[in-house]
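The next block holds one structure in the form of structure tokens; read it before the comments.
Chains as they are written, first to last, in our numbering: chain A, 996 to 1078; chain B, 99 to 320.
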């Protein structure tokens, strides 16, 4: 018996890793008159449709996917949500 | 000396790399990313520049997990030589054969121009024909060449004399002006500049040919 589950992975640069794209966005927001934007970090969201026995199995599998491919753990961190 | 040059979908410097190796005297075999073995007797694997898999997910990430990747990793772990240029450097960091990562250029622009490098070590088969402090001019062409590593890794690279090249004028924000790094056994080199685009006067300069000559020299006398 398997369930259809959705997983959402957020990949962000680790704290302390300079994010040139986030910096550019912050700068552009300032140019547009949005005052008070102290910092911008840009990341990505990856959604997966899964067939999995249960939520715990799905989460373990998605974490393995993050370690092997979805994130580069040298510079990125990730979080996994199962819905 | 026998070299294998890998082609991924989106590679665009594979032929240039093959020509540069041939010009230096190597026998070159072209290998497709879906192959799972390298040809027998390969001394050097060339991982070329380009935009493998459209730079999807991260530059080099998909290529580093392609069917040929385990054979390249094996080759390196057995002490074989590997040269990764530009996207090839990104692929090698993604496989873990080289430390660190290549991020978006700090100026956010694609930079495409000849740059002056500084040779930082001659203790490698790739750089032995230079002298430390030489400043060859070699073109760069990349959007993600901003080399990043944690402080500990950076200290190790410096301490172990594994920074092969730095930029005289940093075009991409890379840490410590790093343009190319060596593996622990000094047989894997990743570099953002394109030595294969500087092997003939008709290309505007031939400073890159020193790298191929060094490699051939090291491997034919070995």
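Ideal placement from N, C-alpha and C gives every residue a C-beta, glycine not left out.
Every value quoted in this text rests on a predicted model; they were computed, and no experiment measured them.
Backbone CA spacing between residue i and residue j [nearest angstrom]
i	j	result
residue 999 of chain A	residue 207 of chain B	42 Å
residue 278 of chain B	residue 243 of chain B	10 Å
residue 107 of chain B	residue 188 of chain B	15 Å
residue 232 of chain B	residue 204 of chain B	26 Å
residue 197 of chain B	residue 293 of chain B	21 Å
residue 109 of chain B	residue 246 of chain B	23 Å
residue 171 of chain B	residue 103 of chain B	14 Å
residue 1023 of chain A	residue 271 of chain B	20 Å
residue 262 of chain B	residue 281 of chain B	10 Å
residue 248 of chain B	residue 201 of chain B	13 Å
residue 288 of chain B	residue 275 of chain B	14 Å
residue 1071 of chain A	residue 295 of chain B	32 Å
residue 186 of chain B	residue 159 of chain B	11 Å
residue 1004 of chain A	residue 199 of chain B	21 Å
residue 311 of chain B	residue 1027 of chain A	53 Å
residue 1055 of chain A	residue 1048 of chain A	11 Å
residue 1021 of chain A	residue 1012 of chain A	16 Å
residue 195 of chain B	residue 181 of chain B	11 Å
residue 240 of chain B	residue 211 of chain B	10 Å
residue 1075 of chain A	residue 1007 of chain A	12 Å
residue 119 of chain B	residue 236 of chain B	16 Å
residue 267 of chain B	residue 214 of chain B	7 Å
residue 144 of chain B	residue 1038 of chain A	32 Å
residue 191 of chain B	residue 1014 of chain A	19 Å
residue 168 of chain B	residue 161 of chain B	11 Å
residue 1018 of chain A	residue 1032 of chain A	11 Å
residue 220 of chain B	residue 308 of chain B	12 Å
residue 1050 of chain A	residue 113 of chain B	48 Å
residue 238 of chain B	residue 1053 of chain A	43 Å
residue 997 of chain A	residue 251 of chain B	43 Å
residue 223 of chain B	residue 283 of chain B	11 Å
residue 129 of chain B	residue 117 of chain B	14 Å
residue 273 of chain B	residue 286 of chain B	20 Å
Beta carbon proximity, residue i to chain A, threshold 7 Å
i	result
residue 254 of chain B	no
residue 163 of chain B	yes
residue 260 of chain B	no
Contact set between residue i and chain A, taken where Cβ atoms lie within less than 8 Å
i	result
residue 58 of chain B	Lying outside 99 to 320, the shown extent of chain B, residue 58 of chain B is not represented and no answer is given.
residue 277 of chain B	In chain order: nothing, as chain A lies at least about 18 Å away.
residue 159 of chain B	1064, 1067
Below-7 Å beta-carbon distance, residue i vs any chain B residue
i	result
residue 1023 of chain A	no
Under 8 Å from the C-beta of residue i: neighbouring residues of chain B
i	result
residue 1019 of chain A	206
Where residue i meets chain B, residues with beta-carbon distance less than 7 Å
i	result
residue 1027 of chain A	In chain order: nothing, as chain B lies at least about 17 Å away.
heavy atom of the ligand GTP below 6 Å from residue i C-beta
i	result
residue 119 of chain B	Ligands displayed in this structure: none; no statement on the ligand GTP is therefore possible.
Neighbouring residues, chain A, relative to residue i (Cβ below 9 Å)
i	result
residue 246 of chain B	1012, 1013, 1069, 1070
Problem set entry | Uninterrupted alpha helix (DSSP H) stretches inside the segment 1030 to 1063 of chain A (no shorter than 4 residues) | 1050 to 1060
For this session: Output, in sequence order along the chain, the residues in the segment 180 to 202 of chain B whose CB is closer than 8 Å to any CB in chain A.
Result: 191, 192, 197, 198, 199, 201, 202
Exercise. Which full runs of the alpha helix (DSSP H) of 4+ residues lie inside the segment 240 to 307 of chain B, going along the chain?
Worked result: 249 to 257
For this session: Would you mind listing the alpha helix (DSSP H) stretches within the segment 122 to 196 of chain B that are 4+ residues and don't spill past its ends, in chain order?
Result: 167 to 175, 185 to 193
Problem set entry | chain A contacts from the segment 274 to 299 of chain B (Cβ-Cβ distance under 7 Å) | none
For this session: Taking only beta carbons into account, state which residues of the segment 1050 to 1075 of chain A come closer than 7 Å to chain B, listed in chain order.
Result: 1064, 1067, 1069, 1070
For this session: Note down, in chain order, all residues in the segment 126 to 156 of chain B with a beta-carbon under 8 Å from any beta-carbon belonging to chain A.
Result: 155, 156
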